[in-house]
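J.: Keeping their order, the protein sequence lines are chains A and B. When we follow our numbering, the leftmost residue of the first sequence carries the number 1075, and every step to the right adds one. When we follow our numbering, the leftmost residue of the second sequence carries the number 1075, and every step to the right adds one. No residue lacks a Cβ here, since even glycine has one placed at the ideal position from N, Cα and C. Note that the structure is predicted; figures quoted are calculated from it, not measured.
2 protein chains.
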Amino acid sequence: MNISHIEHLGIAVANLEESIKYYEGVLGLKCYAIEEVVDQKVKTAFFMVGSTKIELLESTSPEGPIGKFIEKKGPGMHHIAFAVKDTDAALKTAEDRGVRLIDKVSRKGAEGLNIGFLHPKSTHGVLTELCSKKE
Amino acid sequence: MNISHIEHLGIAVANLEESIKYYEGVLGLKCYAIEEVVDQKVKTAFFMVGSTKIELLESTSPEGPIGKFIEKKGPGMHHIAFAVKDTDAALKTAEDRGVRLIDKVSRKGAEGLNIGFLHPKSTHGVLTELCSKKE
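1. Could you tell me which chain A residues have their CB closer than 8 Å to the CB of residue 1139 of chain B, listed as they occur along the chain?
2. Could you compute how far the alpha carbon of residue 1176 of chain A sits from the alpha carbon of residue 1153 of chain A?
3. Would you please verify whether the beta carbon of residue 1134 of chain A is less than 8 Å from any beta carbon of chain B?
4. For residue 1176 of chain B, which beta-bridge partners are listed by DSSP?
5. Which class does residue 1133 of chain A belong to by DSSP, given the choice of helix, strand or coil?
6. For residue 1194 of chain B, which option in A:1080, A:1079 and A:1085 has the closest C-alpha, if you only look at C-alpha atoms?
7. According to the Cβ coordinates, are residue 1157 of chain B and residue 1196 of chain B closer than 8 Å?
8. If you reduce the DSSP assignment to three classes, tell me which class residue 1161 of chain B lands in.
9. Which class does residue 1127 of chain B belong to by DSSP, given the choice of helix, strand or coil?
10. Going by the beta-carbon positions, is the gap between residue 1115 of chain B and residue 1135 of chain B smaller than 8 Å?
11. What does residue 1171 of chain B touch in chain A if you count any residue whose Cβ is under 7 Å from its own?
12. With H, G and I counted as helix, E and B as strand and the rest as coil, what does DSSP make of residue 1088 of chain A?
13. Mind pulling the chain B residues with CB within less than 8 Å of residue 1210 of chain A?
14. Got a sec? Which residues, its chain only, sit under 8 Å from residue 1179 of chain A by beta carbon, not counting five neighbours each side?
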């Protein structure tokens, strides 16, 4: 599996603009990018904290995964993403070790990373992403 | 505020032993310490991932904060802890910037760190801890 670090932490927010104000104005972090991931129905804002990113996620539709998450649980921490060398190899390893996968093969995520999700039923309630840099 | 990195990520688990098996056996991380924090009614297990720790939290009582969290939301990500130079100074800064505090002054947490919590009502749903090394 060879996890090197936590690549990012995904946080579901109700209002991206208001949340950016908090992360910048209170915590003193700096938003370095805003990106819309149409496929996932989210608008994202990125902050670097040490070697880990915070990825704020605002839903662009109540039908998207973040829209549904917020309706059910309210705003808050949504997923953890571990950096691996090769997402597809790591997904295979996880499956071989009995983990149920959301993504059988990697797909493109924000910032062009190769990403894949493990199912929270197999990860003790934590929605877990594996990601690696594009080749 | 001067946050240097994410010191740890607190994850509420139903069963510490079972969760350790997942973090070690599936993700390939290594548990380096198990500690009971009597004051917080939790038993914790620590893993290092890059420069950030994962802190698994099992409640030792249904009346403790983790016991209540799991009853309400189920197991999953519980809090994020940012490393600062001086927890008391950072708590003061947060309060000056309009944040409601859980801890007005720092107290001792796991691993002897000086810790203090911001209220999730002021942090867009994310229970947020500030922590610094003991002097």
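T.: Once the coordinates are examined:
1. Per Cβ cutoff of 8 Å: no residues; residue 1139 of chain B is ~15 Å from chain A at best.
2. Roughly 13 Å between the two C-alpha positions.
3. Chain B has no Cβ within less than 8 Å of the Cβ of residue 1134 of chain A.
4. The partner list for residue 1176 of chain B (beta bridge, DSSP) is empty, contrary to what the question assumes.
5. Taken through DSSP and simplified to helix, strand or coil, residue 1133 of chain A comes out as strand.
6. A:1085 is the residue among A:1080, A:1079 and A:1085 whose C-alpha sits nearest the C-alpha of residue 1194 of chain B.
7. The answer is no: Cβ separation not under 8 Å.
8. Assignment of residue 1161 of chain B by DSSP, reduced to helix, strand and coil, places it in the helix class.
9. Residue 1127 of chain B falls in the strand class under three-state DSSP.
10. Yes, these two residues count as a Cβ contact at 8 Å.
11. Those are 1099 and 1100, listed as they occur along chain A.
12. Note: residue 1088 of chain A maps to coil in three-state DSSP.
13. For residue 1210 of chain A there is no data in the structure shown, the boundaries of chain A being 1075 and 1209.
14. Only 1162, 1165 and 1190 meet the Cβ criterion.
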